[in-house]
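Working notes for the structure below.
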Amino acid sequence: MNRLNFLLAALVVAVLSLGIYSCTKDEILKGNENIKTQTRTNAFDHNFVKGDGGVRPESDYRPEEGKPVKTVLGAVRNNPYSVQNMTAAWNKLYKENLSTLPKTHTYIKISPSSDEDLEKLRQYTMNEKIALFDFPLENEVTLMGDYYTDPSATSPELTYQYAVIPIGRVFPNVSYIVVSDLVIAPYLSYLTYTSFMMTGNAYAQTQGGDGNGGGSGSWNGTGTWIYTPPNNTTVPTIPGTNFPPQNGCMPSCSSFPCCFLPWYDCNSTCGGTGDPIKPNCRPGSASWPNCLSLYDEVYPNLGPDPDDEPDPTDTGSNSPTGSDPFYCECVYYDYGNEERKWIVESIDGDCSQFEEGGWNTTWSVECSGYTPPPPPPSLTTNGCGCQVYANERKPGGCIKVLNTTTAGLVGVRRVAVHMKDNWFTTDVTFTDGGGCWKINSEYHGRAWMWVKFYNGNATIRALRLTDPLDLFLGVRDYVGMMWGPRFNNINVEYRGSSNTGSADQLFWAASTTHNAVQDYLGNPDGIPVWSDLNIILSPSGSNTGGAPMLHKGTSAMTTIADLLMAWALGPLAPVAIIVSHNALYPDITYGYSGLGVSTTGRINNTIYHELAHASHHQLVRDPTWDLIRFHIVANSIAGNGVYGSPGNFAFGSSPQFTAVAEGWGHHYGDVLAGNPNLEGRRFRDGFIPWGLGLDLSDPRRVSDPSGYDDNVCCFTDAQYFSSLAGAITMQGLRNWYLNVHMNGTSNTATQVNSLFNNYNF
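When you line the sequence shown up against this note's numbering, it's residues -7 to 753, in that order.
This is the structure:
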C-alpha cells in the first residue's frame, strides 16, 4: 500500500471511530426530490450546469463518472514574458536601449515534501490570494484535467506546485526555486506583441477544432488525447486602429517598428532620428507596466481580439456589437524626417480639448501633451443578475447550488474562484453573499476556471477513493475552459446527482455544506466558532455527522487517535503512527448520499449541529473535550452504540458531559434549521436532554406535550451557550442558570429546578 492510500485509509478509520454523531433527520426534514435540470440558454456566454442531465462543454471529457482526469501537457514554450525576452523586445522597439527591464513578477516552482508543507501552501493561498498550479505554466496545455503529477514526484499529493508572485508580495514558506523573473506587460501593447513575435509564439491564436485551446485532436483507444497544434490565422484589426497590424508588421520587417503605423508596410524604410513608436511610459513610471496598454477600459467592447474567436453560432442577446476605441492618447512617430504627434481617436470620439489649434491632417492631429487618465472601472449587470465589470475581458459571474427544499438555486457564498489565462495571468477571488464574483484583470484568448471550497472559515475536504487529492488539497472543481472576448458572464450551477460517488454529487454536497457554514457564522445570537475548520465529507451514505475537533485539538487524544488507527490496521501499526498528521485530522465530518436521500435541509441541520459543537469546543478547549471523545470511543468499542445508554455505559464514560454537549448541539442545530417538530422531544438515547433548550427559551406552558410541566420562560440561546463555559455536568449547567442567568427574568429557582428534575438531572 503506498503512502497516500495508507494515510487515506487511516483517516477513514479516524473519522468513523472518533465522530460525535448527530441524529439522522429523516423524520424531521423532507426535501424536494423532483428537480429539473436547466438546459443551455443564451442568457450566459459560458454556462456550466453540473448534475444529472446537466450541460457540459464538449471539452469536459470524463471517461468514467466520478474519476478524475489527468492534465495532458504539450511542448515547453519559449516564454515571451521573461525579463530577458521582454528586454530584447523593448530594445527592438525603442531607441532607448536598456540593459534589463525591471521584473514585475517571479515565477517559482515549489517542492512540498510533507503534509505539513501542503498545509502551509493551503494557508498561503488563502491568506495571500495567490493561486498554485500543479503543472508548469510554460508548457502548452493539450487537455486541462483535474490534476497533474510530475513524473519525478515522490507521491501524487507531493507533486510540484507553480506560482506567479507579484513583486513585493510574500513568498511561501516551503522550499522553492525561481524558474524565471517576468515582465507581465498588458497583452494589448506593442511590447507584448513584439516579444511574442520574437519568441515564436502565436499572438493571433484562435480557437481550434478541439474546443480546448487551439488545434485539433482525438481520443485513441486507450484514452490518450492525440493533439495537433493550431495553424496560424489572420485576425481582424481592432476597429479604428492598426493593431494588431494587418500589414505583416513583424520584428523582421525593414520598417519595424514604423510598420505599426498604418501608412507603412513591411518593406518600407523607417527613417528619422526619433522613436517611431514612443512608449506611453517607461520603467519607473507610477503605473508601470500597465501604462503600456494601447487601449483602456473606457471602451469595454472592443470587438474581435487578436487571441479570440467569437462563436459564430451565438446570436443571443449577449453577442457583442463591438465599438471603436475612444481614448485620446499622444503617440510619437517620425514621418518625412519631421517629428510630429499623433492622437488615436475613434470615428465618433471627440479629442478636441487635447488638440493644439491650427494643425490637422487626415492622419494625425497635434496634441497638447496631456493624456487623460482612464476612468474607474464601470460595472454592469450580467445574465446572473450580478454586478460585474463592464469590460467584458474582466472575468465575472455567479456560482449557484440547488436548494432541494425550495427547488430553486441559491448562491454559493464566499467560495474561492481561481482563474488562469494561457500564460501567467492568475487570480484568486471569493464570491459575495449572493454567489457573485468578479476579477479586475483583463483576460485574452482562452482561460481556465476552478471553484475551490475554502475560505478563512473552513476548508471542505473529501474522502473519495476515486480522487484522494480531495483530502490533501481540499475539494476543488475544475469548471472548464472558455474563450474570450466575453469573460464577464460565466454561470456555474451545482445541481447534484443521484449517484452518491459522482463528482457532481460531491460538488453539490460541498456547496451545501459550505453555505451552511456561512449561515452559522451569521447566527442571530452572536455565538462564535473556530475559524479555519477542517470539514471532511465522505460518500458513506450515513447522512450523519461528527465533531471530533481533532484538527483544533491539542491534547493527548491526538496520540490516542494514532493508536486507534494502528489498532484497526493491525500489522501496519508503526507506519500509521509515523504518517498520521494533525494537519489532515477532521474537526467536522459528514457522510452524504445521492440527491434525494441527502437534502439541503438534512445537511443544514446536521452541519449546524456540528458547528454548535465546534463553538462549544472553542469555549472549553482540550482536554475537556477528551471527555466526550473517550466516551464515544469507549462505548463504540464496547458495542454499546455511539453514546451508550443509562445502565449500559462503558468503563470510563462521561455521560454527564456528553449530555451537556449533545443537548446543546441538538437544540441549537434545530433552532438554526427552523425545525418545527421540537415539542415533545425529551431525550436521545435515554439521557441526552434534546428538548431542554427549547423548554428554557419558549413561552410558559401549563402542560408540555411530553407530559411534563414547563413553567420556565424566555432564557436566550446566548445564555445557554455562555453556561457551557462552566458546566461539565448537568448539575453544573443547572447551577449556572440559578446563579448567573436568573436576574432580569421572571423565573424562580423552583421553576428552574423543576424543569431540570423533569430531565432527571
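C-beta atoms are modelled at their ideal positions from N, C-alpha and C, and glycine is treated no differently.
This one's a predicted model, so the numbers in the text were calculated from it and none came from an experiment.
Sixteen is the threshold: since fewer than 16 other Cβ atoms of the shown chains lie within 10 Å of the Cβ of E88, the residue is exposed. W440 sits buried, since 16 or more C-beta atoms from the chains shown fall within 10 Å of its C-beta. Residue pairing from DSSP places Q379 in a beta bridge opposite T373. In this structure, DSSP gives F713 a helical state, which the three-state scheme calls helix.
Of the residues assessed, R613 falls on the exposed side of the cut-off, its CB having fewer than 16 other CB atoms within 10 angstroms. About 19 Å separates the beta carbon of Y99 from that of S181, a gap too long to meet the 8 Å contact definition. Nearest Cα to L716 within the set T650, E434, Y600 and V162: T650. D462 carries a helical assignment under DSSP once its states are collapsed to helix, strand and coil. If you compare the alpha carbons of A653, H608, I269 and L611 with that of I624, the shortest gap goes to A653. Within the model, the alpha-carbon separation for T186 versus G240 is close to 12 Å. Contact between S590 and A454 does not hold, since the beta-carbon distance rounds to 14 Å and is not under 8 Å.
Spanning the alpha carbons of P681 and Y751 requires a straight line of approximately 7 Å.
Annotation: N39 to T458 spans about 26 Å, alpha carbon to alpha carbon. Segment contact: the stretch 423 to 435 against the stretch 139 to 146, fewer than three CB-CB distances shorter than 8 Å; contact not assigned. Looking only at W442, P691 and D524, the smallest Cα-Cα distance to N739 is reached by P691.
The DSSP-derived three-state label of I599 is helix.
Look at A194 here: in three-state DSSP terms it is coil, with no helix or strand label. In the three-state scheme derived from DSSP, where H, G and I count as helix and E and B as strand, F622 is classed as helix.
G240: not part of any alpha helix (DSSP H); DSSP gives it neither H nor E. Per the DSSP secondary-structure output, Q153 pairs in a beta bridge with I102.
CA-CA distance, D424 to V509, rounds to 14 Å. Between the alpha carbons of P178 and L513 lies a distance of about 40 Å. Residue burial annotation: L90 is exposed, with fewer than 16 other C-beta atoms found within 10 angstroms of its C-beta.
Under a 10 Å Cβ-count criterion, T417 is classified as buried, with 16 or more other Cβ atoms of the shown protein chains found around its own Cβ. Within the same chain, and ignoring the five residues on either side of S246 in sequence, the residues whose Cβ sits closer than 8 Å to its Cβ are C258, N259, S260, T261 and C262. Rounded to the nearest whole angstrom, the CA to CA distance from H605 to T151 is 36 Å. By the beta-carbon neighbour count (other beta carbons within 10 angstroms, threshold 16), G276 is exposed. Per the C-alpha coordinates, the member of G377, C378, N383 and C376 positioned closest to P369 is N383.
Within the same chain, and ignoring the five residues on either side of V170 in sequence, the residues whose Cβ sits closer than 7 Å to its Cβ are T98 and I100. Classified as exposed, P638 has fewer than 16 neighbouring CB atoms from the shown chains inside 10 Å of its CB.
Closest in alpha carbon position to T421, among V407, F622, H608 and S490, is V407. Bounds of the beta strand (DSSP E) holding D469 are R468 to W475. Shown here, H543 sits in coil according to DSSP, grouped into three states, outside any helix or strand.
Per the C-alpha coordinates, the member of N627, G657, Y660 and F713 positioned closest to G644 is N627. Under the three-state reduction of DSSP, S172 is assigned to strand. Where L688 is concerned, the enclosing alpha helix (DSSP H) starts and stops at L684 to S689.
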